[in-house]
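Counting along the sequence shown from 1, when you hit position 105 you're at 487 in this note's numbering, and nothing is skipped either side. Glycine included, C-beta positions come from ideal geometry on N, C-alpha and C. For clarity, every value in this text was computed on a predicted model and none was experimentally measured. Let me begin by presenting the structure, written as structure tokens, before commenting on it.
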Amino acid sequence: MTVKVFGIRHHGPGSARSLVKSLQTLQPDIVLVEGPPDANDAISLIAQPEMEPPVALLIYAPDQLDQAVYYPFAEFSPEWQAIQYGLQQGIPVRFMDLPQTHQLAQRLAQRPTIADNNPPNSDVPSEPELESESTTEGDSENDDLETAIAPPTATRSIPPDPLAWLATAAGYTDSERWWEHMVEQRQDSTALFEAILEAMTALRQEVERAHPPDLENPADLREAQREAYMRRTIRQAQKEDFQTIAVVCGAWHSSAFCEPFPAQKHDNALLKGLPKLKVKATWIPWTYGRLSSYSGYGAGIESPGWYDHLWRSSESAHSTSQSAIYWMTQVARLLREEDLEASSASVIEAVRLAEALAALRDSAMPGLAEMNEAAQTVFCMGDAAPMQLIQERLIVSDRLGQVPADTPLIPLQQNLQQLQKRLRLKPEASERLLTLDLRKELDRDRSYLLHRLLLLNIPWGEPQLTSGKGTFKEGWQLRWQPSLSLAIIEAGQWGNTVATAAVAYTNHQADAAPDLPKLTQLLDQVLLAALPEAIAYLMTRLQSAAAIANDVAHLMAALPPLANILRYRDVRQTDSSVVAHVVDGLVARICIGLPGGCASLDDDAAATMLKAINETHSAIKLLRQETHAKAWSAVLLQLVDRSNLHGLIAGRCCRLLLDEGSLQPEETARRLGLALSLANEPTQAAAWVEGFLQGSGLLLLHDDAIWQVLDDWVTSLPSDTFTALLPLLRRTFANFPAPERRQIGERVRAGSQTSSTADADADFDRDRADAALPLIAQLLGLQEFPEPH
């Protein structure tokens, strides 16, 4: 009875190539792979042709969805190739690591002591929640040196990178480069795994002598339990009378599975009384971007796209030169797609340079470092900027895998896949800009789906601003992330379809909404998502909240989303009449409560109220209802007549009334003169000017009366007062567009007090203008036009 241990590096194409050759030579009758036994039933799906790596095993607790772990696989992952070998040969293949039913339960048991650091309803996630997205993922495949699932305070007693000791002994400064040269680029796999086992045995002896394992440390205890369970799995295979057992594990663990094993009593003691948590397993698509170390994945690699190239080159029996040519050809094609120069001659030159660099460094073949240096020198002319494109699109790559249709899915996942197929929205790992025309039924349905997913916290698409006129255009930035698969599973508790789940979750959010603005924002999202069932419930909640709301700021914050809803009703063919009477009530209550809300404001409160007034004014203009506009103008007139109003608010109200024609320019100039009189505090006068001129300085250029009042006030200020007010005035004028500032400066420099309008009238040829009126009327489609003067 033979137990053969193969210590590999996760996601190493050289390790995978050598492992396949060794398995073909060994011809085992069972293959044991480091991985979660919870997913043994899912192994058979790997044999299906629809399964295309990169993919990942997702192990999750259905009753505790924040407890989940991913096990990513690429085609060049040694574990993937070992499983493929076993399935092709028709021999049993089993995972042998400590089941996640125990590991997740252990982590959950540690959760209360960590979560206590955060107050109830805190927006800051507790440590285990952070762990489930970072440490958990890093642990899922584990590196040659594994990262334990444990609280941040529980660290392992071994040094962070023991492989650096071997690299240093071999004359390397980087353990990654040492492993690349000694294992991944190795062409002769004879006795490779024997050498790895011997090296790791010696290394672990030295490490454990310097840093003895401490079973009181949760991280060290967990590693001991994992190895004990893997030995138990090997013993079980021996009891079942398998004669040749292949064990595929991380290189660091390989020496732990060499016979003679520790006493079975020892391992049983380590595994006694382990907690359990119900878990489920499924396959999900993965991406090379999430497989990279840049994503935070603990066992990640720096260049999954490059490793994929190496694996495919070895499968195709390409020579070293052909592999380099194929890579440089991909580089050239990518650069040409981005309108950068890349000729065939440059490909040949870059290949020769890469091979020369490899020869100088005594390497068997050009590595990624040589390829990058050659590409930057030849294609990029030494410029590092295009290399970022090569890094993202080729070296890391945005490849997205896929799983078979009969992969175990929850109903919500199945419904989403059906909708994606019907709406022709294929999930892609690369970013894609999608512009929808909401007048078309297909695009409208696509918009509904993306908005419903946003309501469920599944951000497949991110809304984007679109150029052009009209409200029928909608832009989305689409990018499918593997983590969305877990978000879909989590959302599955609310319903079996996207629509029903969105309705149920929206109603839940409505019940938990803390204030009126949150409800109106939610209603805006629901109408965009076309969920009439949720609208009725939200309207009931909204009416109840609006009836008891006494904070005018909340009422003003609630109005713009509702105005936006009414704006979109025709384009989306949504009946939003149910919102109209709520808007009527809000406008009435805002107009009644605003004068009281503007009393006795300090500078910060005045700035906040100014923003609310601007947004409310825009919303009322958007509604285009005469009754609302008259009521709003009346309350603005009431505010500007108040003597104790903050200057910022008074000036802004006066400007809004001037722009809509409720105040004449002469009356506005009079009010400006009163506000800037010596009887008022200079700081209040400056605040009045800031509110009045906010956003645009064109008024100063075209209204000489206002210009003159402001000019007289500035020139009459004492020097010390002017120095104190200068920052306020500079803040006001700095927000004007550059051309306006330039014209204002030119007018100040000219010192002209004559009317620019009068100058324009002097040069105005009225007879020529009258002659153009009939043609303008024809262009505008008017039947009649005012008689020429």
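Give the secondary structure of residue 1102 by DSSP, where H, G and I count as helix, E and B as strand, and everything else as coil.
Working through the sequence shown from its first residue, we reach residue 1102 at position 720. Correct three-state label for residue 1102: helix.
According to the neighbour-count rule (16 or more other Cβ atoms, all chains shown, within 10 Å of its Cβ), is residue 1190 buried or exposed?
Any property of residue 1190 remains undetermined from this structure, which presents the chain solely from 383 to 1171.
Can you list, in chain order, the residues of its chain with a C-beta nearer than 8 angstroms to that of residue 755? Leave out the 5 residues immediately preceding and following it.
Counted from its first residue, the sequence shown places residue 755 at position 373. Once the five neighbours on either side are set aside, the close Cβ partners of residue 755 are 735, 736, 739.
Using the C-alpha atoms, what's the distance from residue 558 back to residue 550?
In the sequence shown, residue 550 corresponds to position 168, counting from 1. In the sequence shown, residue 558 corresponds to position 176, counting from 1. Going from the Cα of residue 550 to the Cα of residue 558 covers about 11 angstroms.
Coarse secondary structure for residue 431, derived from DSSP in three states:
The sequence position of residue 431 within the sequence shown is 49, counting from 1. Reduced to three states, the DSSP call for residue 431 is coil.
Three-state secondary structure (DSSP) of residue 762:
Here residue 762 corresponds to residue number 380 of the sequence shown, with the count starting at 1. If DSSP states are grouped into helix, strand and coil, residue 762 belongs with coil.
Have a look at 671, 410, 1012 and flag the residue whose alpha-carbon is nearest the alpha-carbon of residue 475.
Stepping through the sequence shown from its first residue, residue 475 is reached at position 93. When each option's Cα is compared against that of residue 475, the closest is 410.
Of the residues 862, 1091, 1101, 413, the one placed nearest residue 625, counting alpha carbons only:
Reading the sequence shown from its first residue, position 243 is the one you call residue 625. The candidate whose alpha carbon is nearest that of residue 625 is 413.
Return the chain-ordered ranges of every beta strand (DSSP E) run that is complete within the segment 1079 to 1132 and spans a minimum of 3 residues.
none
Taking the continuous beta strand (DSSP E) assigned at residue 857, which residues delimit it?
By one-based count along the sequence shown, residue 857 stands at place 475. That run of the beta strand (DSSP E) goes 855 to 860.
Measure the Cβ-Cβ separation of residue 478 and residue 631 and say whether it is below 9 angstroms.
If you number the sequence shown from 1, residue 478 lands on position 96. If you number the sequence shown from 1, residue 631 lands on position 249. In contact: residue 478 and residue 631 (Cβ atoms closer than 9 angstroms).
Sequence ranges, alpha helix (DSSP H) only - wholly within the segment 533 to 617, length at least 4
545 to 551, 557 to 561, 574 to 592
Under a Cβ-count criterion, where at least 16 other Cβ atoms within 10 Å of its own Cβ denotes burial, should residue 395 be classed as buried or exposed?
Within the sequence shown, the letter at position 13 stands for residue 395. Buried, by the Cβ-count rule.
Integer Cβ distance of residue 1051 from residue 1091, believed to fall under 8 angstroms:
As a working note, residue 1051 is residue 669 in the sequence shown. As a working note, residue 1091 is residue 709 in the sequence shown. About 5 angstroms; that satisfies the 8 angstroms criterion.
What is the rounded straight-line gap between the Cα of residue 347 and the Cα of residue 458?
Outside the shown range of the chain (383 to 1171) lies residue 347, about which nothing can therefore be said.
Helix, strand or coil at residue 872 [DSSP, three-state]:
Here residue 872 is taken as the residue at index 490 of the sequence shown, counted from 1. In this structure, residue 872 counts as helix in the three-state DSSP scheme.
Excluding five sequence neighbours on each side, which residues of the same chain lie with their C-beta closer than 7 angstroms to the C-beta of residue 636?
Here residue 636 corresponds to residue number 254 of the sequence shown, with the count starting at 1. The residues are 387, 389, 578, 579, 582.
Should residue 663 and residue 815 be called a contact, given that it needs their Cβ atoms to be closer than 9 angstroms?
Position 281 of the sequence shown holds residue 663. Position 433 of the sequence shown holds residue 815. No.
Quick one: give me the first and last residue of the beta strand (DSSP E) that residue 476 is part of.
The count along the sequence shown starts at 1 and reaches residue 476 at position 94. Element bounds for residue 476: 475 to 477.
So the beta strand (DSSP E) residue 814 belongs to, where does it begin and stop?
Stepping through the sequence shown from its first residue, residue 814 is reached at position 432. Start and end: 814 to 819.
Beta-carbon proximity list for residue 629, same chain, < 6 angstroms, skipping 5 on both sides:
Numbered from 1 along the sequence shown, position 247 holds the residue referred to as residue 629. The residues are 387, 414, 639.
In or out: residue 753 buried (at least 16 other Cβ within 10 Å) or exposed?
Residue 753 sits at position 371 when you count from the first residue of the sequence shown. Residue 753 is buried by the Cβ-count criterion.
What residue from 1107, 419, 788, 824 has the CA that sits closest to residue 802's CA?
Here residue 802 is taken as the residue at index 420 of the sequence shown, counted from 1. With distances taken between Cα atoms, residue 802 lies closest to 824.
Is the beta carbon of residue 828 less than 9 angstroms from the beta carbon of residue 807?
Here residue 828 refers to the residue found at position 446 of the sequence shown. Here residue 807 refers to the residue found at position 425 of the sequence shown. Going by C-beta atoms, residue 828 is nearer than 9 angstroms to residue 807.
Counting only the same chain and skipping the five closest in sequence on each side, list residues whose C-beta sits under 8 angstroms from that of residue 977.
As a position in the sequence shown, residue 977 is number 595, starting the count at 1. Closer than 8 angstroms at Cβ, skipping near neighbours: 1017, 1020, 1021, 1024.
Hey, how far is the Cα of residue 782 from the Cα of residue 456?
In the sequence shown, the residue the question calls residue 782 occupies position 400. In the sequence shown, the residue the question calls residue 456 occupies position 74. Looking at the two C-alpha atoms, the distance is approximately 10 angstroms.
Going by beta-carbon coordinates alone, are residue 1030 and residue 1070 separated by less than 9 angstroms?
The residue given as residue 1030 occupies position 648 in the sequence shown. The residue given as residue 1070 occupies position 688 in the sequence shown. It is a contact, given that the beta carbons lie within the stated cut-off.
Between the CA atoms of residue 742 and residue 423 - distance to the nearest angstrom:
Your numbering for residue 423 matches position 41 in the sequence shown. Your numbering for residue 742 matches position 360 in the sequence shown. Roughly 50 angstroms between the two C-alpha positions.
Which same chain residues, not among the five before or five after residue 417, have their C-beta less than 8 angstroms away from its C-beta?
Stepping through the sequence shown from its first residue, residue 417 is reached at position 35. So the list reads 439, 453, 461, 477, 478, 479, once near-sequence residues are dropped.
If you run the structure through DSSP and keep just helix, strand and coil, what is residue 785?
Within the sequence shown, numbered from 1, the residue matching residue 785 stands at position 403. Of the three classes helix, strand and coil, the one that applies to residue 785 here is coil, per DSSP.
Top-ranked residue by Cα proximity to residue 671, from 552, 840, 717, 685:
Residue numbering aside, residue 671 sits at position 289 when the sequence shown is read from its first letter. Considering only alpha carbons, the answer is 685.
Hey, would you say residue 964 sits closer than 9 angstroms to residue 924, going by beta carbons?
For the purposes of this step, residue 964 is identified with residue 582 of the sequence shown, where counting begins at 1. For the purposes of this step, residue 924 is identified with residue 542 of the sequence shown, where counting begins at 1. Taking 9 angstroms as the Cβ cut-off, residue 964 and residue 924 qualify as a contacting pair.
From residue 393 to residue 706, what distance separates their C-alpha atoms?
For the purposes of this step, residue 393 is taken as residue 11 along the sequence shown, with counting starting at 1. For the purposes of this step, residue 706 is taken as residue 324 along the sequence shown, with counting starting at 1. If I take the Cα positions, the gap works out to 21 angstroms.
Can you tell me the Cα-Cα spacing of residue 592 and residue 644, whole angstroms?
Numbered from its first residue, the sequence shown carries residue 592 at position 210. Numbered from its first residue, the sequence shown carries residue 644 at position 262. When rounded, the distance between both Cα atoms is 21 angstroms.
Distance check for residue 944 and residue 695, CA to CA, integer angstroms please.
Along the sequence shown, read from residue 1 onward, the residue named residue 695 stands at position 313. Along the sequence shown, read from residue 1 onward, the residue named residue 944 stands at position 562. So the two alpha carbons sit approximately 59 angstroms from each other.
First and last residue of the alpha helix (DSSP H) that includes residue 1051?
Along the sequence shown, read from residue 1 onward, the residue named residue 1051 stands at position 669. Its alpha helix (DSSP H) spans residues 1047 to 1057.
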